[in-house]
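>
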Amino acid sequence: MPPIGSVSRKRRAAVVSPLRSCVRFAAHNSPVVDDLLARVRAETDSILVGYSGGKDSAAVLSKCLEVFKTVVPFFMFIAPGLPMFERHFERVRAAYGVEVIQTAHPTVSVALKRGLYCKPRWSGPVLKQVDVETTIRKRTGIDWIAYGHRASDSIPRNAMLRRFQGFDPKGRRVYPIWDWSMPKVWGYTRARKLPLVPQIGGRRTSGVGLTVKSIIELHAASRDDYEALRRMYPDIEAVVARAHRGEV
Numbered sequence: 084m085p086p087i088g089s090v091s092r093k094r095r096a097a098v099v100s101p102l103r104s105c106v107r108f109a110a111h112n113s114p115v116v117d118d119l120l121a122r123v124r125a126e127t128d129s130i131l132v133g134y135s136g137g138k139d140s141a142a143v144l145s146k147c148l149e150v151f152k153t154v155v156p157f158f159m160f161i162a163p164g165l166p167m168f169e170r171h172f173e174r175v176r177a178a179y180g181v182e183v184i185q186t187a188h189p190t191v192s193v194a195l196k197r198g199l200y201c202k203p204r205w206s207g208p209v210l211k212q213v214d215v216e217t218t219i220r221k222r223t224g225i226d227w228i229a230y231g232h233r234a235s236d237s238i239p240r241n242a243m244l245r246r247f248q249g250f251d252p253k254g255r256r257v258y259p260i261w262d263w264s265m266p267k268v269w270g271y272t273r274a275r276k277l278p279l280v281p282q283i284g285g286r287r288t289s290g291v292g293l294t295v296k297s298i299i300e301l302h303a304a305s306r307d308d309y310e311a312l313r314r315m316y317p318d319i320e321a322v323v324a325r326a327h328r329g330e331v
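Residues in the sequence shown are numbered consecutively from 84, following our numbering.
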């Protein structure tokens, strides 16, 4: 007889299996997603996808490929040439037959102008997200951009997405999965076996940043990727050295 308060394996499976089925069903049947993308498709057969290699942008890329004739994902890097991303883009190319355009993240202009982990070497203005979008739109000739932003990401993002209801015609942006929960996104990506960038340090996000924590985790997880980051930001060595001394 199982201890009081425990749940038998058979009973637990009976509860979990229907929940998993519901997640899979919900992920594949999303009238909000279909409606939002259909509204864009009524204007154009081409769309850009802000792509990070994480679960949210992977789900949006998959959905857009079902609807649009031409889909161009673009990736904003902190430093170019990190092996984990290059390998991932090869997987995306093999899976979907699309090339991921790469461009610098606005953070790069801030880092190079202020000399964050490097000597200052940018004399131009600090770039914003809209500047990157303008460049990508001119480069591809495609106006509409799909993003994987979700209302549960943060309070400011929740307010923005609820105001637009996932559709921003003035900004030519659409947020197809804005009302999806994290379990729903994971259910969709796993059911479709979508390629994802490896997560670093057990975090829920897949990106590489310039925070102390991100640098230390990257150094511990992948020395090749750390070296690629160090080539652009040589002073991150000091962060790792302090971490080894237990100072951070």
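We put the CB at the ideal spot given by N, CA and C, even for glycine.
How far does the beta strand (DSSP E) with S129 in it extend, from its first residue to its last?
In the sequence shown, counting from the first residue as 1, residue 129 sits at position 46. Per DSSP, S129 belongs to the beta strand (DSSP E) from 129–133.
> Taking the continuous beta strand (DSSP E) assigned at V155, which residues delimit it?
On the sequence shown, residue 155 is found 72 positions in, with the first residue counted as 1. Where V155 is concerned, the enclosing beta strand (DSSP E) stretches over 153–160.
> Which whole-angstrom value describes the C-beta separation of V257 and G249, a residue pair presumed to lie in contact below a C-beta threshold of 8 Å?
On the sequence shown, residue 257 is found 174 positions in, with the first residue counted as 1. On the sequence shown, residue 249 is found 166 positions in, with the first residue counted as 1. That pair is a contact at about 7 Å.
> Should T190 and I219 be called a contact, given that it needs their Cβ atoms to be closer than 8 Å?
One-based indexing of the sequence shown puts residue 190 at position 107. One-based indexing of the sequence shown puts residue 219 at position 136. Against a cut-off of 8 Å, the Cβ pair of I219 and T190 comes out as no contact.
> Hey, quick one: how far does the beta strand (DSSP E) through A187 stretch, first residue to last?
Sequence index remark: in the sequence shown, residue 187 carries index 104 (1-based). Per DSSP, A187 belongs to the beta strand (DSSP E) from 184–187.
> The alpha helix (DSSP H) spanning S140 covers which residue range?
By one-based count along the sequence shown, residue 140 stands at place 57. Unbroken alpha helix (DSSP H) run through S140: 138–150.
> Distance, Cα to Cα, Q185 vs K138?
In the sequence shown, the residue the question calls residue 185 occupies position 102. In the sequence shown, the residue the question calls residue 138 occupies position 55. Distance between the alpha carbons of Q185 and K138: 18 Å.
> Roughly how many angstroms separate the alpha carbons of L279 and R313, rounded to a whole number?
Counted from its first residue, the sequence shown places residue 279 at position 196. Counted from its first residue, the sequence shown places residue 313 at position 230. Rounded to whole angstroms, L279 to R313 spans 24 Å at the Cα level.
> Output the residue ranges of the alpha helix (DSSP H) runs that lie fully inside the stretch 270–322 and measure 4 residues or longer, sorted by chain position.
If we require 4 residues or more, the alpha helix (DSSP H) runs fully inside the stretch 270–322 come out as 295–304, 306–315.
> Using the DSSP secondary-structure output, state which residues sit across from F250 in a beta bridge.
Translated into the one-based positions of the sequence shown, residue 250 becomes position 167. BP columns for F250 point to V257.
> Report the three-state DSSP secondary structure of A229 (helix, strand or coil).
Sequence index remark: in the sequence shown, residue 229 carries index 146 (1-based). Three-state DSSP puts A229 in a strand.
> Alpha carbon to alpha carbon, how far is V115 from K276?
Along the sequence shown, read from residue 1 onward, the residue named residue 115 stands at position 32. Along the sequence shown, read from residue 1 onward, the residue named residue 276 stands at position 193. Cα to Cα, V115 sits roughly 22 Å from K276.
> What number of angstroms, rounded off, separates the C-alpha of A229 from the C-alpha of K196?
The sequence position of residue 229 within the sequence shown is 146, counting from 1. The sequence position of residue 196 within the sequence shown is 113, counting from 1. Looking at the two C-alpha atoms, the distance is approximately 29 Å.
> Comparing alpha-carbon positions, which option in D262, A187, T223 lies nearest S113?
As a first step, residue 113 is located in the sequence shown; it is residue number 30 there, counting from the start. The option with the nearest alpha carbon to S113 is D262.
> Work out the CA separation of T127 and C201 for me, nearest whole Å.
Position 118 of the sequence shown, counted from the first residue, corresponds to residue 201. Position 44 of the sequence shown, counted from the first residue, corresponds to residue 127. Cα to Cα, C201 sits roughly 43 Å from T127.
> Between L131 and V150, which are expected to be in contact by the criterion C-beta below 8 Å, what is the C-beta distance as a whole number of angstroms?
Here the question's residue 131 lines up with position 48 in the sequence shown. Here the question's residue 150 lines up with position 67 in the sequence shown. Their Cβ separation, rounded to whole angstroms, is 13 Å, which puts L131 and V150 out of contact at 8 Å.
> What whole-angstrom Cβ distance do I225 and V143 have, given they're in contact under 8 Å?
Along the sequence shown, read from residue 1 onward, the residue named residue 225 stands at position 142. Along the sequence shown, read from residue 1 onward, the residue named residue 143 stands at position 60. That belief does not hold up - the Cβ atoms of I225 and V143 are roughly 15 Å apart, past 8 Å.
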